[in-house]
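Have a look at the structure below before the remarks.
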Amino acid sequence: MPGGEAVTTFQSETVHRASGLDASRAWAIGSGVALLVAFVAVFWRWFEVQHKLSWSAKEDWGHAYLIPLISCWLLWRRREALSAASAKAFWLGLVPVMFGMAGYAFFVLGVVNHMAQGFCGVIAVYGIVLTLYGPAIARAAFLPIAYLALGVTISTQIMTEITFSLQLIASQGSWVMLSALGALFDFGVEVDGNNLTILQQTATGLVEHPLNVAEACSGMRMVVAFYALACAVALVACRAWWQRIATVLLAGPVAILMNMVRVTVLGVMTLIDPELAAGDAHTLIGTVLLVPSLLLFLAVVWALNRIVRDEPLAEGDAAAKATGAVAVSGRSWRAAPGFVSVGVTLVVLLVGAAWITVSLRGVHLTKSEIYAEDESQVRSIPTETESWTQIGPDLLASKEVVEALGTENYLSRNYVRKTPDDRGRTPQVQLHVAYYTGMIETVPHVPERCFVGGGMQKGGAMVVLGVPMDTSDWRVDESVPAALAGSSGELYEVATSRRHSDARGRRVRLPRGIGPDEPFEMAVSEFLLPDDRRLYAGYFFVANGGTVARAEGVRLLAFDLRSDYAYYMKVQVTTADAASAEEFVEISGDLLDELIAELMRCVPDWVEVELGNYPASADEGGNDRHAWGASRAPVGGSGIAAERKSGWTSGAAAPGARG
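174 is the number that this note's numbering gives to position 88 of the sequence shown; each next residue is one higher, with no gaps.
Right, dumping it as structure tokens:
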């Protein structure tokens with residue numbers, strides 16, 4: 087019957103259409119999974135390191151786990167704008183894909199930089215979308231894809247430079263808040279830079295509760311999380327570009343305000359029970375404060391939306407305005423991408439993954455820990471030399487400060503010259519030494535940041551000066567191959583003291599590039615003390631057989647892609663008994679001349695490491711000789727916060743000398 091034939095035809099077309107839709111959906115899912123797997127294969131190392139960074143520092147980078155989800159949600163919210171654009175393959179999109187992979191390879195195999203690796207990954211994501219769907223779709227998806235950059239951990243050096251001054255402002259604001267509360271609840275507050283101390287009168291006397299000591303050298307916490315929140319609110323709730331820009335610009339002030347509240351809450355909790363303000367309390371309070379931050383951003387958006395009322399656009403016009411184009415005929419963004427475009431993109435990604443994998447052969451990206459052959463720790467440095475002797479006990483840091491320092495293998499000790507030198511001086515100095523090894527991901531903290539965080543003022547620009555030492559007892563080590571001796575062709579060694587060392591007369595190799603005509607170079611900074619005296623602090627690093635004066639260069643020196651190991655030792659001297667930077671390096675050289683052999687005993691013999699003679703992977707019993715290091719020397723790159731500036735007197739510990 088005609089009617090029956092029509093029904094049958096309709097059902098057949100419906101089944102055919104449904105089967106075609108199922109096939110298209112299956113292809114879309116399958117191709118998406120394949121591209122995702124290929125992309126992760128290319129950028130696998132970045133994902134691995136980012137997870138470790140986000141998990142170990144949840145308060146600073148824990149939000150990175152949510153960024154991809156928010157980005158996908160932002161894309162879904164723009165589905166109308168995406169529907170108004172035509173999707174088609176665009177082969178020039180392979181340019182940013184290949185650029186992203188090439189940049190990623192450079193920052194993995196050349197200048198190792200996790201932040202740059204992540205940004206290259208975001209560029210590659212945009213290139214994939216551009217290739218598969220064309221310029222119109224890519225334009226509409228640009229902001230949600232760019233939002234992924236907020237999930238990349240920013241370089242520690244950059245973050246600290248940007249946020250350190252904000253932390254100073256937040257500390258002053260916290261002092262105001264706590265002082266106001268102190269007037270009501272009978273406690274006092276002192277502030278020195280980023281260090282706040284709550285003074286509480288008890289039955290047993292005045293009790294001091296220090297705050298922020300462990301992070302006084304660091305930048306402000308959760309800044310990127312606040313900016314990520316502000317950007318999400320701006321993209322979702324703001325209609326005009328000027329409103330979005332205004333909302334994002336407010337992220338800085340909101341971050342300062344919330345950090346002020348965080349420190350104030352920690353201060354109040356300290357008065358109740360100091361344990362409440364330790365450990366995970368920082369993370370918990372910081373996470374909770376994201377809620378009022380969100381409400382504050384929404385209130386700002388509400389106010390901005392009422393300053394200027396825009397006429398609502400029709401749905402199609404809004405989509406066209408968002409994409410910058412009118413709707414045209416073509417494949418919908420919901421449709422599966424073409425077979426050819428997916429295949430070519432997949433091949434490019436797989437070739438890139440294979441190339442990077444092959445290039446990484448023989449490259450040591452994961453560094454093992456290594457220690458001195460006799461397992462000497464820096465605390466084993468003699469307390470007395472021919473001309474110097476220790477005064478007072480070694481300065482020991484609290485658990486929180488050691489965690490910030492990043493290693494338990496450190497020394498902070500005061501020395502005084504036993505007899506006047508040839509200029510009649512008997513100076514007193516503080517020596518700070520710290521040893522790091524393994525996966526060194528951060529830049530070490532240095533006096534020009536830590537001392538300012540402790541409340542000091544910088545007196546002038548940093549200078550790099552040679553450290554004068556008596557080199558008459560230095561000897562050329564003839565056993566070292568010329569290829570390891572450096573540009574001069576000579577490598578020197580120096581003997582330990584026969585009177586004061588526990589390894590009397592032992593000859594120790596110096597770093598390459600150091601000799602009678604090539605002294606150690608020290609970065610020297612001047613700081614102003616409250617009593618108008620001047621404090622000088624200088625430091626240098628010994629890393630992987632070389633030396634460097636500036637903190638910016640130590641990671642490149644320590645992280646040699648050709649080596650299985652990474653390590654460095656920071657040596658810092660501080661004194662208030664010098665009248666100039668030149669006099670300071672003379673005093674420092676006088677002390678270091680008698681300790682340099684002992685200092686070099688505390689790092690691995692780099693020549694033996696380069697020759698493959700050290701370390702042995704296991705002893706005869708099959709046990710790791712250096713297993714103690716995993717628990718006794720945590721890896722890191724932080725510094726200890728400055729002491730309160732009121733604590734420095736001649737002969738006492740220098741403020742921040744452990745910075």
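All C-beta atoms, glycine included, are put in the ideal place defined by N, C-alpha and C.
Closest Cα partner of Ile-342 within the set Gly-259, Gly-632, Leu-321 and Val-693: By one-based count along the sequence shown, residue 342 stands at place 256. That would be Gly-259, whose Cα lies nearest to the Cα of Ile-342.
Helix, strand or coil, according to DSSP, for Met-245 in the structure here? The residue you call residue 245 lines up with position 159 of the sequence shown. It is helical.
Where His-295 sits in the DSSP three-state scheme: Here residue 295 refers to the residue found at position 209 of the sequence shown. Of the three classes helix, strand and coil, the one that applies to His-295 here is strand, per DSSP.
Taking the alpha-carbon positions, what's the Thr-512 to Pro-506 distance? One-based indexing of the sequence shown puts residue 512 at position 426. One-based indexing of the sequence shown puts residue 506 at position 420. Between Thr-512 and Pro-506, the C-alpha separation is close to 5 Å.
Which same chain residues end up closer than 7 Å to Gly-546 when comparing Cβ atoms and leaving out the 5 residues on each side of it in sequence? As a first step, residue 546 is located in the sequence shown; it is residue number 460 there, counting from the start. Excluding sequence neighbours, Gly-546 sits near Glu-612.
Give the DSSP bridge partners of Phe-627, in chain order. The residue labelled residue 627 in the question sits at position 541 within the sequence shown. Paired residue(s): Val-634 and Lys-656.
Residues bridged to Met-608 [DSSP beta-bridge criterion]: Along the sequence shown, read from residue 1 onward, the residue named residue 608 stands at position 522. DSSP lists Leu-551 as partners of Met-608.
Which of helix, strand or coil DSSP assigns to Tyr-190: Here residue 190 refers to the residue found at position 104 when the sequence shown is read from its first residue. Correct three-state label for Tyr-190: helix.
Ala-713 - DSSP class collapsed to helix/strand/coil: The residue you call residue 713 lines up with position 627 of the sequence shown. Any reading at Ala-713 is ruled out, since the residue's pLDDT is 34, under 50, leaving its predicted position unreliable.
Determine the DSSP secondary structure at Ala-289, reduced to helix, strand or coil. The sequence position of residue 289 within the sequence shown is 203, counting from 1. In the structure shown, Ala-289 sits in coil (DSSP, three-state: anything other than H, G, I, E or B).
Say the cut is 7 Å; is the CB of Gln-476 nearer than that to a heavy atom of the ligand MG? Looking at this structure, you won't find the ligand MG or any other ligand, since it has none at all.
Indicate the three-state DSSP secondary structure (helix, strand or coil) for Ala-520 in the structure shown. Residue mapping note: residue 520 aligns to position 434 of the sequence shown, counting from 1. Ala-520 falls in the strand class under three-state DSSP.
Would you list the one or two residues that DSSP bridges to Trp-474? Position 388 of the sequence shown, counted from the first residue, corresponds to residue 474. Arg-503, per the DSSP bridge assignment.
Own chain partners of Ala-124 with C-beta closer than 7 Å, once the 5 adjacent residues on each side are dropped: Along the sequence shown, read from residue 1 onward, the residue named residue 124 stands at position 38. Once the five neighbours on either side are set aside, the close Cβ partners of Ala-124 are Leu-432, Leu-435, Leu-436 and Ala-439.
Helix, strand or coil at Arg-619 according to DSSP, with G and I counted as helix: Residue mapping note: residue 619 aligns to position 533 of the sequence shown, counting from 1. Three-state DSSP puts Arg-619 in coil, outside helix and strand.
From Gly-540 to Tyr-654, what does the alpha carbon distance come to, in whole angstroms? Reading the sequence shown from its first residue, position 454 is the one you call residue 540. Reading the sequence shown from its first residue, position 568 is the one you call residue 654. Cα to Cα, the separation comes out at about 25 Å.
Using the rule of at least 16 other Cβ atoms within 10 Å of the residue's Cβ for burial, across every protein chain shown, is His-137 buried or exposed? Here residue 137 refers to the residue found at position 51 of the sequence shown. Per the 10 Å Cβ criterion, exposed.
Decide yes or no for the touch test of the segment 327–336 against the segment 379–393: beta carbon pairs closer than 8 Å, at least 3 of them. yes
For Thr-283, which residues of its own chain have a beta-carbon under 6 Å away from its beta-carbon, when the five flanking residues on both sides are left out? One-based indexing of the sequence shown puts residue 283 at position 197. The answer, listed in chain order, is Glu-276, Glu-294 and Pro-296.
Leaving out the 5 sequence neighbours to the left and right, which residues in its chain are closer than 6 Å to Gly-74 when beta-carbon positions are compared? With the chain covering 87 to 745 only, the question about residue 74 has no answer from this structure.
Note the first and the last residue of the continuous alpha helix (DSSP H) segment covering Ala-316. Taking the sequence shown and counting its residues from 1, the one referred to as residue 316 is at position 230. First-last of the alpha helix (DSSP H) with Ala-316: 309–323.
Please state the DSSP three-state secondary structure of Ile-456. Within the sequence shown, numbered from 1, the residue matching residue 456 stands at position 370. DSSP places Ile-456 in coil when its eight states are reduced to three.
Assuming contact is defined by CB atoms lying nearer than 8 Å, are Thr-217 and Ala-150 in contact in what I supplied? Within the sequence shown, residue 217 is the residue found at index 131, counting from 1. Within the sequence shown, residue 150 is the residue found at index 64, counting from 1. Going by C-beta atoms, Thr-217 is not nearer than 8 Å to Ala-150.
Comparing alpha-carbon positions, which option in Val-549, Asp-646 and Asn-630 lies nearest Phe-670? Here residue 670 refers to the residue found at position 584 when the sequence shown is read from its first residue. Of Val-549, Asp-646 and Asn-630, the residue nearest in Cα terms is Val-549.
Where does Asp-278 fall in DSSP's three states? What you label residue 278 is simply residue 192 of the sequence shown in a count that begins at 1. Note: Asp-278 maps to strand in three-state DSSP.
Compute the beta-carbon to beta-carbon distance between Tyr-313 and Leu-236, rounded to the nearest angstrom, for a pair I have assumed lies under 8 Å. Taking the first residue of the sequence shown as 1, we reach residue 313 at position 227. Taking the first residue of the sequence shown as 1, we reach residue 236 at position 150. Right, the Cβ-Cβ distance comes to about 7 Å (below 8 Å), so this counts as a contact.
For Gly-540, three-class secondary structure by DSSP: In the sequence shown, residue 540 corresponds to position 454, counting from 1. Three-state result, Gly-540: coil.
When the Cα atoms are used, what is the spatial distance from Ser-736 to Gly-274? Counted from its first residue, the sequence shown places residue 736 at position 650. Counted from its first residue, the sequence shown places residue 274 at position 188. For Ser-736, the predicted model reports a pLDDT of 36, less than 50, meaning its position is unreliable; a value from the coordinates is still stated below. When rounded, the distance between both Cα atoms is 28 Å.
Length of the line joining the Cα atoms of Pro-378 and Leu-370: As a first step, residue 378 is located in the sequence shown; it is residue number 292 there, counting from the start. As a first step, residue 370 is located in the sequence shown; it is residue number 284 there, counting from the start. Answer to the nearest angstrom: the Cα atoms are 14 Å apart.
Indicate the three-state DSSP secondary structure (helix, strand or coil) for Thr-239 in the structure shown. Along the sequence shown, read from residue 1 onward, the residue named residue 239 stands at position 153. Reduced to three states, the DSSP call for Thr-239 is coil.
In the DSSP assignment, the alpha helix (DSSP H) including Arg-598 goes from what residue to what residue? As a first step, residue 598 is located in the sequence shown; it is residue number 512 there, counting from the start. Note, Arg-598: premise wrong, no alpha helix (DSSP H); not H, not E.
Are the beta-carbon atoms belonging to Tyr-521 and Val-464 less than 8 Å from one another? Working through the sequence shown from its first residue, we reach residue 521 at position 435. Working through the sequence shown from its first residue, we reach residue 464 at position 378. Cβ distance < 8 Å, so Tyr-521 and Val-464 count as in contact.
Between Thr-582 and Arg-595, is the Cβ-Cβ spacing less than 8 Å? Working through the sequence shown from its first residue, we reach residue 582 at position 496. Working through the sequence shown from its first residue, we reach residue 595 at position 509. No, the Cβ-Cβ distance between Thr-582 and Arg-595 is not below 8 Å.
Own chain partners of Met-344 with C-beta closer than 6 Å, once the 5 adjacent residues on each side are dropped: Working through the sequence shown from its first residue, we reach residue 344 at position 258. Taken in chain order, the residues that qualify are Leu-375 and Ser-379.
Under the three-state DSSP convention, the category Tyr-212 falls into: Translated into positions along the sequence shown, residue 212 becomes position 126. Helix, per DSSP.
Range of the contiguous beta strand (DSSP E) that encloses Glu-579: Taking the first residue of the sequence shown as 1, we reach residue 579 at position 493. 578–581 is the extent of the beta strand (DSSP E) around Glu-579.
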